[in-house]
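Residue numbers (UniProt numbering): 1 to 115.
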Amino acid sequence: MNEERRKQGTKELIWNPEIVPVARAHAKDMWERKYFGHYSPEGDDVGDRLDKVDIRYSLAGENLALAPTLSTAHNGLMNSEGHRANILEPKFRRVGIGIIDNGVYGKMFVQVFTD
């Protein structure tokens, strides 16, 4: 992601380990409850998930991918206008990523961005 941001002249994202459990929990929840989306079945979105663990932010975004490899997921996200916009958004300064390996079914990737 930071390589893509550098190409655009955008500051690199800072890894935020506090966000990682939020991203990982959403990936795990989607896999276990068999849904794929930014909203949980209860209607919670990325902001709700960050709020529940008291992570401070004024802007948040999220990318999701289900793919066999990191490279495939990254290429897919970069070839999607909305996901690419999140990755390159200059207002986003921090990121945490959750990856759940589901064996032969691929990996679930969740990128969570904050300002």
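Glycine included, each C-beta is placed from N, C-alpha and C at the ideal position.
Which residue from the options puts its Cα closest to that of residue i?
i	options	result
E12	D44, E18, M1, F109	M1
Q8	Y105, E89, D45, G106	E89
E4	G98, I87, I100	I87
N63	H38, I14, N79	H38
R24	V46, A85, G82	V46
I100	E42, N79, T69	T69
Taking 7 Å as the limit between beta carbons, can you name the residues of its chain near residue i, skipping five residues before and five after?
i	result
residue 123	The question about residue 123 has no answer here: the residues shown for the chain are numbered 1 through 115.
T10	L88, P90
Tell me which residues share the same chain as residue i and place their Cβ nearer than 6 Å to its Cβ, disregarding the 5 neighbours each side in the sequence.
i	result
I19	G96, V112
K91	L59, D115
N16	R94, G96
Give the straight-line distance between the Cα atoms of residue i and residue j, rounded to the nearest whole angstrom.
i	j	result
S71	S40	26 Å
A27	R56	21 Å
F36	D29	9 Å
D44	R6	32 Å
A67	G106	5 Å
V53	V104	32 Å
R33	G98	17 Å
R84	I14	17 Å
Under 8 Å Cβ to Cβ from residue i, same chain only, skipping five residues before and after it: list those, please.
i	result
L50	I19, V22, Y57, A60, V112, T114
N102	W31, M108
Length at least 3, wholly inside the UniProt domain "SCP" (1-113): the beta strand (DSSP E) runs in chain order: 60-67, 94-101
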